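Numbered by this note's numbering, the letters in the sequence shown go through residues 387 to 578 in order. Beta carbons: idealized from backbone N, C-alpha and C, even for Gly. Given the structure is predicted, the values throughout are model-derived calculations rather than measurements. See below for the structure under consideration.
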Amino acid sequence: MTLKNPAALEFLLSRRSRPAKTLVSPPPTRDELIPLLTAAARSPDHGKLEPWRFIVIKKTAMPRLADLTERRGIALGKSPEDIAKARNQFDLGQLAVAVIEVQKPSPKIPQIEQTYSAGAVCLALLNAALAAGWGANWLSGWQSHDREFCECGLGLASNERIAGLIHIATEGTTPPERPRPDLVSITEWVTE
387 MTLKNPAALE FLLSRRSRPA KTLVSPPPTR DELIPLLTAA ARSPDHGKLE PWRFIVIKKT
447 AMPRLADLTE RRGIALGKSP EDIAKARNQF DLGQLAVAVI EVQKPSPKIP QIEQTYSAGA
507 VCLALLNAAL AAGWGANWLS GWQSHDREFC ECGLGLASNE RIAGLIHIAT EGTTPPERPR
567 PDLVSITEWV TE
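Here it is in structure tokens:
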């Protein structure tokens, strides 16, 4: 029987992402980040394919990715506002972990389940960072879906894509609580 963990449930009931723009130095060290990555790697993974991997983006790499975002935005005809918003996560970033979905051939595990597993890793990493006392936010943006950004910026292969960019650093300011979904309107109970 699984033991109850009221503290973990209370954390999940009150967890709140911290906007990436409010995260400040210092970010976690390598030694502080390893337990967070270990926790994320315990996510559901049908068939034990490990259809994901991590790329740790340190502050020193952020300017290169910000510049690439701007170049790609111009090439794609994005508005100056869209470019500035996309670039901002790298201009302000202290540390981010790119969770990379790695599609693997499998006769048993559909690709969509591999995608779900990569998403679960993103949420697990986000929650592990928050539980460890860091500020954290899961971002993506149009550049995360641009093949040239993925290949030139992070060296992704053709069977890989960015599932999420998890920014982790020290919380600068605590954001106000935001409205949550109305559970009654989104829940259906099947009784027969």
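- Around Cys536, the same chain offers Ser530, Leu542, Glu546, Arg547 and Ile548 as residues with beta carbons nearer than 8 Å, after the five sequence neighbours per side are excluded.
- Looking at the backbone, the Cα of Lys407 and that of Leu389 are separated by about 38 Å.
- For Val488, no alpha helix (DSSP H) segment is defined; the enclosing uninterrupted segment is the beta strand (DSSP E) at Leu481 to Val488.
- Comparing alpha carbon positions, the residue from Ala393, Gly463 and Leu422 closest to Ala518 is Leu422.
- Secondary structure within the region 453-519: the alpha helix (DSSP H) runs of 4 or more consecutive residues, fully enclosed, are 466-477 and 497-517 (chain order).
- Straight-line measurement puts the Cα of Ile498 at about 34 Å from the Cα of Thr556.
- Looking from the CA of Leu419, the closest CA among Ile552, Ala470 and Pro562 belongs to Ile552.
- If you look at Leu423, you'll find it in the alpha helix (DSSP H) that goes Arg416 to Ala426.
- Here Gly459 has Asp468, Ile469 and Ala472 as same chain residues with Cβ atoms under 7 Å from its own Cβ, once five neighbours each way along the sequence are excluded.
- Annotation: the continuous alpha helix (DSSP H) that includes Glu396 extends over Pro392 to Ser400.
- Here Cys538 has Leu454 as same chain residues with Cβ atoms under 7 Å from its own Cβ, once five neighbours each way along the sequence are excluded.
- Judged by DSSP in its simplified three-state form, Gly433 adopts helix.
- Look at Leu389 here: in three-state DSSP terms it is coil, with no helix or strand label.
- In the DSSP assignment, Thr556 forms a beta bridge with Val410.
- Beta-bridge pairing by DSSP links Arg439 to Ile486.
- When C-beta atoms of the region 387-401 are compared with those of the region 474-492, fewer than three pairs fall below 8 Å, so the two segments do not count as touching.
- Residue pairing for Asn545: DSSP places it in no beta bridge.
- Between the alpha carbons of Arg428 and Ala447 lies a gap of roughly 27 Å.
- In this structure Ile443 touches Leu481 by the C-beta definition: roughly 7 Å separates them, less than 8 Å.
- The residue among Val576, Asn523, Leu435 and Leu512 with its C-alpha nearest the C-alpha of Gln475 is Asn523.
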